[in-house]
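If you're matching positions, the sequence shown starts at 1 in the UniProt record's numbering and goes up one per residue.
Don't be surprised by glycine CBs; every beta carbon is placed ideally from N, CA and C.
This structure is a prediction, so every number in the text was calculated from the model and none was measured.
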Amino acid sequence: MGQRRVFQAFFGDIVAVARCLREKAAPPPPKLPLPGSFHVPHDVQWPEHLRGQILDITKLRRMFKKNQVPESIFNELNALGFVWDVSSFNHTTRLEALKAYKNIHGHLVVPRQFIVPENDQRWPRDTWGWQLGKLVHNIRFGNVKIDKKAVDDIGFVWDPMQNNWELNLKALKQYKALHGHVCVPQRFVVPVNEKNQWPDRNMENIPLGRFVNSLRLRELTKEKQKELDDIGFVSNAIEYEWERKIQALRQYKRIFNHLVVPKSFVIPANSQWQKPLHGLKLGEIVRSIRNSPVADSNIPSRQREELDEIGFVWDPLSDHWDTVMLAIKIYQQNYGHLRIPTKFIVPKGEEWPKETWFLHLGSAVTQLRHRFEDMSSSADQSDMLAMLVTLLEEYRLELSTFFKLAGVDELHFRTVSMAQLTPDSVHELFEKLTVLRHHFHQNAEVTWKEFKTQRTIRD
Numbered sequence: 001m002g003q004r005r006v007f008q009a010f011f012g013d014i015v016a017v018a019r020c021l022r023e024k025a026a027p028p029p030p031k032l033p034l035p036g037s038f039h040v041p042h043d044v045q046w047p048e049h050l051r052g053q054i055l056d057i058t059k060l061r062r063m064f065k066k067n068q069v070p071e072s073i074f075n076e077l078n079a080l081g082f083v084w085d086v087s088s089f090n091h092t093t094r095l096e097a098l099k100a101y102k103n104i105h106g107h108l109v110v111p112r113q114f115i116v117p118e119n120d121q122r123w124p125r126d127t128w129g130w131q132l133g134k135l136v137h138n139i140r141f142g143n144v145k146i147d148k149k150a151v152d153d154i155g156f157v158w159d160p161m162q163n164n165w166e167l168n169l170k171a172l173k174q175y176k177a178l179h180g181h182v183c184v185p186q187r188f189v190v191p192v193n194e195k196n197q198w199p200d201r202n203m204e205n206i207p208l209g210r211f212v213n214s215l216r217l218r219e220l221t222k223e224k225q226k227e228l229d230d231i232g233f234v235s236n237a238i239e240y241e242w243e244r245k246i247q248a249l250r251q252y253k254r255i256f257n258h259l260v261v262p263k264s265f266v267i268p269a270n271s272q273w274q275k276p277l278h279g280l281k282l283g284e285i286v287r288s289i290r291n292s293p294v295a296d297s298n299i300p301s302r303q304r305e306e307l308d309e310i311g312f313v314w315d316p317l318s319d320h321w322d323t324v325m326l327a328i329k330i331y332q333q334n335y336g337h338l339r340i341p342t343k344f345i346v347p348k349g350e351e352w353p354k355e356t357w358f359l360h361l362g363s364a365v366t367q368l369r370h371r372f373e374d375m376s377s378s379a380d381q382s383d384m385l386a387m388l389v390t391l392l393e394e395y396r397l398e399l400s401t402f403f404k405l406a407g408v409d410e411l412h413f414r415t416v417s418m419a420q421l422t423p424d425s426v427h428e429l430f431e432k433l434t435v436l437r438h439h440f441h442q443n444a445e446v447t448w449k450e451f452k453t454q455r456t457i458r459d
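Structural data, given as structure tokens:
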């Protein structure tokens, strides 16, 4: 009788502790995997007669295995979430935690400091507050027993360093498949929720640009270097970008037969261009080269030689003066005016001389306008043509009318390059153009007959 009372008190104490734990826990109530020895805290929330006592939970579990726990106690503890087999419970809950992490993050490279957040319904209730990062670390080093096959089946990462390498390499291959090269911008991060281009969720948020940059700053094993070589990795990004620009310029010349690249030209994504060149802002690159120290020979001569070798146009107006002049003349003949749209490109056709085909005449004329605004009294070829274009556009004059007004021999002007005019004749023509322009500003409605009578410009 006395032993029975002892056991009743023993069971009752554990039930009281379990009930207290259940009441203290935030809903929904968790399971209660009590340790083998449970030390009741000295706290008013606990039954007064149990404070400071140590309860032998291991003894209760042994009695359960021997069927010595009364059914009423068993049912009551079950209702309170008491865990009879802690080892099995821990194994199951660990797997659930790992699965939840993978479902949320797409991988199992768990940071060591990671703690399962509380009150987050995406996580099993019994994992709230777990130090999952620390657990994963202990699993890798064999400090926690785990079913290896079970964790392998959900993609457990035993070697995070090797896994990161393989995942980054896979992402690098995908980048090449999308862009045609592996020269990744340093700030590039694999985007999220773009399954069409990045189907593997494990790659999401990988700082791929930073990874690529790190490859150039450290020594790699022969095996890893070979893996990179196989996908065309370039250790010298600056050299790679230069070669890419040269390749683009060569292809542009093959297609258009010149290198007067419009400022707004972007390489299209079509079969005429190699995939690594798609999207390259070649017009801006050409403009940058012209305005860079290259022109002053302050960079390696090899690059200057490469540009000269492919016929790079340093000054479109000077290098293609006669072609621009010819194109302007033909435009006047075809359209009856010289109000040339900025985006106008000479088409391929019988009405245009072959040497002018695909010339971005609108861009050339725009440059002429800018030169006209800034020019001084010491006119050069560009200034003269700028003045000519401005006058013809502003006052809608036909070319033949201009020659009459300016007192210039039209045949001589059309057959002799501006570069062949003497300084005196250039200056004289400049003076006439200036007077003409001033006159039209003062007499916007003047007619040709009235103008001849006034003889503002003398032959």
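So what does residue i bridge to, in DSSP terms?
i, result
"PHE38", "LEU55"
"LEU32", "PHE82"
If we ignore side chains and look at the alpha-carbon of each, how far apart do residue i and residue j end up?
i, j, result
"PRO28", "GLU204", "32 Å"
"residue 460", "ASN168", "Outside the shown range of the chain, which is 1 to 459, sits residue 460, and nothing can be said about it."
"GLU350", "TRP357", "10 Å"
"THR366", "LYS173", "43 Å"
"ILE154", "ASP147", "12 Å"
"GLU76", "ASP152", "37 Å"
"SER377", "ALA364", "Model confidence at SER377 stands at a pLDDT of 41, short of 50, so the residue's coordinates are unreliable; what they give is reported in the following sentence. SER377 and ALA364: Cα-Cα distance of roughly 22 Å."
"LYS281", "LEU249", "11 Å"
"VAL17", "ARG5", "18 Å"
"ASP315", "LEU259", "11 Å"
"residue 479", "PRO111", "Lying before the first or after the last residue shown, residue 479 is absent from the chain, which here runs from 1 to 459."
"SER72", "LYS59", "18 Å"
"ALA9", "ARG125", "31 Å"
"ASN270", "ARG254", "15 Å"
"TYR175", "PHE344", "36 Å"
"HIS181", "ASN213", "15 Å"
"LEU178", "PHE265", "22 Å"
"GLN247", "PRO353", "28 Å"
"TRP123", "GLY129", "10 Å"
"PRO341", "ILE330", "15 Å"
"LEU277", "LYS222", "30 Å"
"residue 465", "THR323", "Residue 465 lies beyond the residue range present for the chain, which begins at 1 and ends at 459; the question has no answer from this structure."
"LYS348", "GLU241", "32 Å"
"GLU23", "LEU32", "12 Å"
"GLY106", "VAL192", "11 Å"
"LEU142", "ALA150", "Looking at the sequence itself, residue 142 is Gly, so the reference to Leu does not match. Distance between the alpha carbons of GLY142 and ALA150: 15 Å."
"TYR101", "ARG187", "27 Å"
"ASP308", "GLY283", "17 Å"
"VAL44", "ARG19", "15 Å"
"ILE231", "ALA97", "37 Å"
"ALA25", "PRO185", "49 Å"
"LYS245", "TYR252", "10 Å"
"THR93", "LYS275", "49 Å"
If you follow the alpha helix (DSSP H) that residue i is part of, which residue opens it and which one closes it?
i, result
"residue 465", "The chain is shown from 1 up to 459; residue 465 falls before or after that span and cannot be answered."
"ASN138", "132 to 140"
"ASP229", "222 to 230"
"GLY209", "208 to 215"
"ALA150", "148 to 153"
"ASN291", "282 to 291"
* What are the complete alpha helix (DSSP H) segments, minimum 4 residues, inside the segment 303 to 358? -> 316 to 319, 321 to 335
* Asked: So does the segment 82 to 93 actually touch the segment 42 to 51, counting three or more Cβ pairs closer than 8 Å?
  -> no
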